[in-house]
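See below for the structure under consideration.
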Amino acid sequence: MTILPQDKIDQLLDRHAEIQNLMNDGPDQETYIKLAQEFSALGPVVEKVHERNAAREELDGLEELLSDPEMRDMAEAEMPDLKDRIASLEDDLQILLLPKDAADEKNAILEVRAGTGGSEAALFAGDLFRMYQRHAEQQGWKVEVLSESPGEVGGYKEIVASISGHGVFARLKFESGVHRVQRVPETESGGRIHTSAATVAVLPEAEEVDIEIRNEDIRIDTMRASGAGGQHVNTTDSAVRITHIPTGIVVISAEKSQHQNRAAAMKELRSRLYDMERQKADQERADSRKGQVGSGDRSERIRTYNFPQGRVTDHRINLTLYKLDRMIAGEGLDELFDALITDWQASQLAALGDRA
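This is the structure in structure tokens:
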């Protein structure tokens, strides 16, 4: 049986009504935007509470009819479906009441790097980046490449991009980890299947208010960009490298003017430092392997893309889909994302049950 914290529900309903009154009072624009965002976030919970309460009132009405000989049969016939609906609504409400990740509504920094496998790994890294890029375009998200290092025969040794849009990090945050590919490389004349890997890191894009970077903690160097040729190779010393001295984190941006590169590098540095703090907090809170699903462990092999069999397997939730072509095209990722989010929600509900 679902046990919902009624006091928390009452507090949320009161806050929803309070926000509506504050918005009606005509606050300044900045305050109004913040209130509107909170009001919108509470909306699904309030709507689900009203649905649940209406169903409960309907059940109370049916129970009153049980004493009426003429209506008893009808009431008994309708009650099982209504009880199931109430249980389903309460399950949905409990999921909505799970603690929210403060970073879920943030934009994301996507980093894809070639791992083991040489040139084939770089090609696979390119495939993965284009997969996320296509998916982002389908969602109406904006993708901006911050830095890239092309592979010798194509793909990328490393590529870093900013992805902005509604709820980007909430959808992409489970992608961090090692992605493995099994296929016959184009350079393989014997038709043998090779295994290569690429690592993916998805970081919440931090704002200046999220993380403070002191001027004395960074060293900024300008340098001449290098590459295999083409439009992204600068002919002036416009590339920027920023070193965060306390942590040793180094970020480089060599895609735009020196001013734009500095801004892009600072954006990436803030996000890396913010993610480092989140990783530390996640590790301290973790009390089971399931609790680590969303922590973004970069060393964990999370997924295999097997081209000969046309399958994609996510090892964390033991899910195999024979839709590799659609996945690589960015079209079938929502099914994977939904399954991962559902698994995470189930683990959180189980943890709440264990503590109850």
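For the sequence shown, the numbering used here assigns the number 1377 to the initial residue and increments by one for each residue that follows.
Note that beta-carbon positions come from the ideal geometry of N, C-alpha and C, so glycine has one too.
- Can you name, in chain order, every residue of its own chain whose Cβ lies under 8 Å from the Cβ of residue 1448, other than the five neighbours on each side? Counting from 1 along the sequence shown, the entry for residue 1448 is found at position 72. Once the five neighbours on either side are set aside, the close Cβ partners of residue 1448 are 1441, 1442.
How many angstroms separate the CA atom of residue 1532 from the CA atom of residue 1525?
-> Taking the first residue of the sequence shown as 1, we reach residue 1532 at position 156. Taking the first residue of the sequence shown as 1, we reach residue 1525 at position 149. Roughly 6 Å between the two C-alpha positions.
Margin query: Contact defined as beta carbons within less than 8 Å: I believe residue 1473 pairs with residue 1434. What is the distance between those atoms, to the nearest angstrom?
Written below: In the sequence shown, the residue the question calls residue 1473 occupies position 97. In the sequence shown, the residue the question calls residue 1434 occupies position 58. About 23 Å separates the two Cβ atoms, so there is no contact after all.
Out of curiosity, what's the CA-to-CA distance linking residue 1488 and residue 1409? Stepping through the sequence shown from its first residue, residue 1488 is reached at position 112. Stepping through the sequence shown from its first residue, residue 1409 is reached at position 33. Cα atoms of residue 1488 and residue 1409: separation of roughly 34 Å, rounded to the nearest angstrom.
- Presumed contact (8 Å Cβ cut-off) between residue 1587 and residue 1506, rounded CB distance: To locate residue 1587, count along the sequence shown from 1; it is residue 211. To locate residue 1506, count along the sequence shown from 1; it is residue 130. With a Cβ gap of about 30 Å, residue 1587 and residue 1506 do not count as contacting.
Next on the checklist: So, with DSSP's three-state summary, where would you put residue 1483?
Outcome noted: Here residue 1483 refers to the residue found at position 107 when the sequence shown is read from its first residue. DSSP places residue 1483 in coil when its eight states are reduced to three.
For residue 1651, I'd like the list of residues in its chain whose CB is within less than 7 Å of its CB, leaving aside the five on either flank, ordered along the chain. For the purposes of this step, residue 1651 is taken as the residue at position 275 of the sequence shown. Result list for residue 1651: 1579, 1580, in chain order.
Residues near residue 1509 by beta carbon distance below 6 Å, same chain, minus five either side: Within the sequence shown, numbered from 1, the residue matching residue 1509 stands at position 133. So the qualifying residues of the chain are 1519.
*Where are the alpha helix (DSSP H) runs, 4 residues long or more, that stay fully inside the region 1443-1473, in chain order?*
1448-1472
Enumerate in chain order the residues of its own chain whose CB-to-CB distance from residue 1595 is below 8 Å, with the five nearest sequence positions on each side excluded.
In the sequence shown, counting from the first residue as 1, residue 1595 sits at position 219. The answer, listed in chain order, is 1618, 1619, 1621.
*Taking buried to mean at least 16 other C-beta atoms within 10 Å of its own C-beta, is residue 1575 buried or exposed?*
Numbered from its first residue, the sequence shown carries residue 1575 at position 199. Counting Cβ neighbours within 10 Å, residue 1575 comes out buried, since at least 16 surround it.
- prompt: Less than 8 Å separating the beta-carbons of residue 1678 and residue 1692?
  reply: The residue you call residue 1678 lines up with position 302 of the sequence shown. The residue you call residue 1692 lines up with position 316 of the sequence shown. Taking 8 Å as the Cβ cut-off, residue 1678 and residue 1692 qualify as a contacting pair.
Quick check on the burial criterion: 16 or more other C-beta atoms within 10 angstroms. Buried or exposed for residue 1490? Locating residue 1490 in the sequence shown gives position 114, counting from the first residue. By the neighbour-count rule (16 or more Cβ atoms within 10 Å), residue 1490 is buried.
Inset, instruction - Please state if the CB of residue 1544 and the CB of residue 1484 are separated by a distance shorter than 8 Å. - result: Stepping through the sequence shown from its first residue, residue 1484 is reached at position 108. Stepping through the sequence shown from its first residue, residue 1544 is reached at position 168. Yes.
Discussion item. Please tell me whether residue 1418 and residue 1398 are closer than 8 Å, where the distance is taken between their beta carbons.
Written reply: Position 42 of the sequence shown, counted from the start, is the residue given in the question as residue 1418. Position 22 of the sequence shown, counted from the start, is the residue given in the question as residue 1398. No.
Taking only three categories from DSSP, how would you classify residue 1618? Here residue 1618 is taken as the residue at index 242 of the sequence shown, counted from 1. Correct three-state label for residue 1618: strand.
Reduced DSSP secondary structure (H/G/I, E/B, other) of residue 1395 = For the purposes of this step, residue 1395 is taken as the residue at position 19 of the sequence shown. Residue 1395 falls in the helix class under three-state DSSP.
Suppose you measure from the CA of residue 1589 to the CA of residue 1719; what does that come to, to the nearest Å? The residue labelled residue 1589 in the question sits at position 213 within the sequence shown. The residue labelled residue 1719 in the question sits at position 343 within the sequence shown. Taking the straight line from one Cα to the other gives about 36 Å.
Taking Cβ positions, are residue 1465 and residue 1431 nearer each other than 8 Å? For this step, residue 1465 is matched to residue 89 along the sequence shown. For this step, residue 1431 is matched to residue 55 along the sequence shown. Judged by their CB atoms, residue 1465 and residue 1431 are nearer to each other than the 8 Å cut-off.
* Asked: Secondary structure at residue 1724, three-state DSSP: helix, strand or coil?
  -> The count along the sequence shown starts at 1 and reaches residue 1724 at position 348. Correct three-state label for residue 1724: helix.
- Message: I need the boundaries of the beta strand (DSSP E) containing residue 1627, first residue and last residue.
- Response: Walking along the sequence shown from the start, residue 1627 turns up at place 251. Taken as a continuous stretch (DSSP letters only), the beta strand (DSSP E) holding residue 1627 covers 1625-1629.
* Hey, could you find the ends of the alpha helix (DSSP H) residue 1682 is sitting in? => Looking up residue 1682 in the sequence shown gives position 306. Per DSSP, residue 1682 lies in no alpha helix (DSSP H); the unbroken beta strand (DSSP E) holding it starts and ends at 1677-1682.
Between the CA atoms of residue 1496 and residue 1395 - distance to the nearest angstrom | Position 19 of the sequence shown, counting from 1, holds the residue named residue 1395. Position 120 of the sequence shown, counting from 1, holds the residue named residue 1496. In a straight line, the C-alpha of residue 1395 is about 54 Å away from that of residue 1496.
Taking Cβ to Cβ, would you say residue 1676 is nearer than 8 Å to residue 1554?
Position 300 of the sequence shown, counting from 1, holds the residue named residue 1676. Position 178 of the sequence shown, counting from 1, holds the residue named residue 1554. Yes.
Going along the chain, which residues of its own chain have a beta-carbon closer than 7 Å to the beta-carbon of residue 1425, five neighbours each way excluded? Here residue 1425 refers to the residue found at position 49 of the sequence shown. The answer, listed in chain order, is 1385, 1389, 1469.
_So, at 7 Å on beta carbons, what are the nonlocal neighbours of residue 1597 in its own chain, with the 5 sequence-adjacent residues on each side left out?_
Residue 1597 sits at position 221 when you count from the first residue of the sequence shown. Excluding sequence neighbours, residue 1597 sits near 1617.
Margin query: Please give me, in chain order, every unbroken run of the beta strand (DSSP E) with length at least 3 that falls completely inside the region 1491-1550.
Written below: 1518-1526, 1532-1540
Reference residue 1683; option with closest CA among 1503, 1414, 1492, 1451 = Position 307 of the sequence shown holds residue 1683. It is 1503 whose Cα lies nearest to the Cα of residue 1683.
Alpha carbon to alpha carbon, how far is residue 1630 from residue 1698? To locate residue 1630, count along the sequence shown from 1; it is residue 254. To locate residue 1698, count along the sequence shown from 1; it is residue 322. So the alpha carbons of these two residues sit roughly 39 Å apart.
**Backbone secondary structure at residue 1417 - three-state DSSP** = Residue 1417 sits at position 41 when you count from the first residue of the sequence shown. Reduced to three states, the DSSP call for residue 1417 is helix.
Spatial neighbours of residue 1414 in its chain, beta-carbon cut-off 7 Å, leaving aside the 5 residues before and after: Within the sequence shown, the letter at position 38 stands for residue 1414. Hits under 7 Å: 1395.
request  = Please work out which residues of its chain come closer than 7 Å, Cβ to Cβ, to residue 1634, disregarding the five sequence neighbours upstream and downstream, and give them in chain order.
outcome  = Along the sequence shown, read from residue 1 onward, the residue named residue 1634 stands at position 258. Cβ neighbours of residue 1634 beyond the five flanking positions: 1598, 1614, 1616.
With DSSP run on the structure shown, which of helix, strand or coil describes residue 1597? Taking the sequence shown and counting its residues from 1, one reaches residue 1597 at position 221. Residue 1597: strand per DSSP, three-state reduction.
Discussion item. I believe residue 1337 touches residue 1438 by the beta-carbon criterion, under 8 Å. Please report the beta-carbon distance rounded to the nearest angstrom.
Written reply: The requested residue 1337 is not part of the displayed model; the chain covers only 1377 to 1732.
Please report the straight-line C-alpha distance between residue 1383 and residue 1686, rounded to a whole angstrom.
To locate residue 1383, count along the sequence shown from 1; it is residue 7. To locate residue 1686, count along the sequence shown from 1; it is residue 310. It is roughly 50 Å from the alpha-carbon of residue 1383 to the alpha-carbon of residue 1686.
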